[in-house]
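Structure, as structure tokens:
Number of protein chains: 2
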Amino acid sequence: MSRDIKTAKDTKTAIMDAAQELIQRRGANAMSYQDISEAVGIRKASIHHHFPAKDDLIEAVVARYADHVFGLMDEIFDSKLDPAAKLRRYAALFETMLSDGRHDKGCPFAILGAELSSLGGSTAARVRRFYRDSEERLARVVEEGHGKGQFHFKGEPKRVAAMFFALLEGGMLIARAEGGPRRLHALAEQALKLLQQ
Amino acid sequence: MSRDIKTAKDTKTAIMDAAQELIQRRGANAMSYQDISEAVGIRKASIHHHFPAKDDLIEAVVARYADHVFGLMDEIFDSKLDPAAKLRRYAALFETMLSDGRHDKGCPFAILGAELSSLGGSTAARVRRFYRDSEERLARVVEEGHGKGQFHFKGEPKRVAAMFFALLEGGMLIARAEGGPRRLHALAEQALKLLQQ
DNA sequence: GTCTATAATTGGATAGAC
DNA sequence: GTCTATCCAATTATAGAC
């Protein structure tokens, strides 16, 4: 056996976990190999063994996170919940993030969106893709709600979905600065009120 | 006369202009005195004469920008425009920002919100204040529109205002990544549709 | 796969001449 | 108020022993 049964989590994963937390809290530019080294308990050089360049690490983290979130989204959106409940559950993902730890974590893609121009090309592409795919999935739920008569609005479902997404990403940054998860929750609920009225 | 009549803009202002542009495009963490030095055409040490520490510079830029924006907001919101037109004009401020230069500038306060935990204390406080004051001003417009029967919604005007604000800040980051000013415009229009239906 | 050691560069910042 | 020169710390990254 090459792994410790108990605490076992391979170093590569531990590095990515630490990096993700740092990105969510401080951003990719403010994250250093030194920070990760201290968090994981290994030397800087060892990180380079797993991720030769910083961009490689950021990209790996971002790819893993996107897979994770889309997994959760698909679970929610493919369920038998009614459309409004689906949007609530989706919003709750953001709220839960703000509740985590020291209450200073944000959505990695909102943070990286702000840092977009200093990211590597493929990471920037992944950020854009995340936005696009999120809106696309949301649009299906909005459309479903519209079709079932649960949502009432003028305009295209696609636009409403984009609105809801922007609201959550922006609201997350704002609520992280002041108000926390409760404030983000209130934002999402207000949006749902407008959709259902 | 101690200033050149023609190109005259004092160095301090030129430094702040360069710093603001860099913050809007890359973020405060990715901005260096070296970058500014090249943009302005002076030496790094000269920047330190005007702004001893980087935090001083960032704070000065942020304070000036907030004053500027609140000036514009007050002009719009104190005008005789109807509430929907006021919100459109407000949204246009964000759209104009995205149209500027290489189309990669964002609202400094959205960028700095993402970098919040690596900012100096007083700068972070200013970011929070900007969010609060923006929402407060927007709330008055939303309330006005509700009172005049132009906006129809359930819930508190304060919440609706917060929603509109989060939508624009988040939408700006997303539209900067893909879609540009037109996309942000569509977002704002969709929100107005929901309010007016 | 992890370590020590070290390179190479850049960052923010200061001292002191002009 | 701007410059040259310099300092010191931090950062990304590599080489090579274990």
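Chains A and B, in that order, are what the protein sequence lines are.
Position 176 of the first sequence, counting from 1, maps to 179 under the working numbering, and the rest follow consecutively.
Position 25 of the second sequence, counting from 1, maps to 28 under the working numbering, and the rest follow consecutively.
Note that beta-carbon positions come from the ideal geometry of N, C-alpha and C, so glycine has one too.
The model shown is predicted, which means the values in this text are computed figures rather than measured ones.
Taking 9 Å as the cut-off, the beta carbon of residue 171 of chain A is found closer than this to the beta carbon of residue 173 of chain B. About 18 Å separates the beta carbons of residue 197 of chain A and residue 97 of chain A, which is beyond the 8 Å limit, so they are not a contact pair. A residue is called buried when at least 16 other Cβ atoms come within 10 angstroms of its Cβ; residue 37 of chain A does not meet this threshold and is exposed. The beta carbon of residue 36 of chain A sits no closer than 9 Å to any beta carbon of chain B.
Under a criterion of Cβ atoms nearer than 7 Å, the residues of chain B adjacent to residue 134 of chain A are, in order, 177, 180, 181. Non-local C-beta neighbours of residue 60 of chain B in its own chain, meaning closer than 6 Å and more than five positions away in sequence, comprise 22, 54, ordered along the chain. Rounded to the nearest whole angstrom, the C-alpha separation of residue 46 of chain A and residue 52 of chain A is 10 Å. Within the region 117-146 of chain B, the residues whose Cβ lies closer than 9 Å to any Cβ of chain A are, in chain order, 117, 118, 119, 120, 121, 127, 130, 131, 134, 135, 138.
Within the same chain, and ignoring the five residues on either side of residue 140 of chain A in sequence, the residues whose Cβ sits closer than 7 Å to its Cβ are 76, 80. Interface residue (Cβ-Cβ distance to chain A less than 9 Å): residue 80 of chain B is not classified as such. Within the region 148-163 of chain B, those residues whose Cβ lies closer than 9 Å to any Cβ of chain A are, in chain order, 155, 156, 157, 158, 159, 162, 163. Contacts with chain B at 9 Å (Cβ-Cβ) do not include residue 95 of chain A. Of all residues in the region 15-44 of chain B, the ones placed with a Cβ closer than 7 Å to any Cβ belonging to chain A are 28, 29, 30, 32, 33, in chain order. For residue 48 of chain B, the enclosing alpha helix (DSSP H) starts and ends at 47-53. Closer than 9 Å to the CB of residue 168 of chain A there is at least one CB belonging to chain B. Residue-level contact check: residue 173 of chain B touches chain A, since one or more beta carbons of chain A fall below 9 Å from its beta carbon.
Boundaries of the alpha helix (DSSP H) harbouring residue 189 of chain B: 183-199, taken from the DSSP string.
Contact with chain A is found for residue 192 of chain B, since one of that chain's Cβ atoms lies less than 9 Å from the residue's Cβ. Scanning its chain for C-beta atoms nearer than 7 Å, with the 5 sequence neighbours on each side dropped, one finds around residue 176 of chain A the residues 109, 113, in chain order. Sorting B/133, B/156, B/28, B/195 by C-alpha distance to the C-alpha of residue 73 of chain B places B/133 at the top. By the criterion of a C-beta distance shorter than 7 Å, residue 153 of chain A is surrounded in its chain by 85, 86, 87, 199, once the five residues flanking it on both sides are discounted.
Put simply, the backbone Cα of residue 162 of chain A is about 32 Å away from that of residue 129 of chain B. Annotation: Cβ neighbours of residue 109 of chain B in chain A (cutoff 8 Å, chain order): 117. In this model, residue 185 of chain A and residue 13 of chain B are separated by some 46 Å (Cα to Cα). With distances taken between CA atoms, residue 63 of chain B lies nearest to B/123 out of B/123, B/169, B/148, B/142.
Against chain A, the CB of residue 189 of chain B has a partner CB under 9 Å away; the residue lies at that interface.
Burial check for residue 99 of chain A: the Cβ neighbour count within 10 Å stays below 16, so the residue is exposed.
Nearest CB-CB separation between residue 196 of chain A and chain B: below the 9 Å threshold. Take the alpha-carbon of residue 146 of chain A and the one of residue 156 of chain A: they are about 11 Å apart.
Within the same chain, 127, 130 come within 7 Å of residue 119 of chain B by CB-CB distance, once the 5 residues on both sides are set aside. Taking the C-beta atoms as reference points, residue 142 of chain A is found no nearer than 9 Å to residue 169 of chain A. Nearest neighbour of residue 57 of chain B by Cα position, chosen from B/116, B/193, B/148, B/121, turns out to be B/121.
Distance from the CA of residue 48 of chain B to the CA of residue 15 of chain B, rounded to the nearest whole angstrom, comes to 13 Å. Taken through DSSP and simplified to helix, strand or coil, residue 82 of chain B comes out as coil.
By the neighbour-count criterion, in which a residue is buried when 16 or more other Cβ atoms sit within 10 angstroms of its Cβ, residue 138 of chain B is buried.
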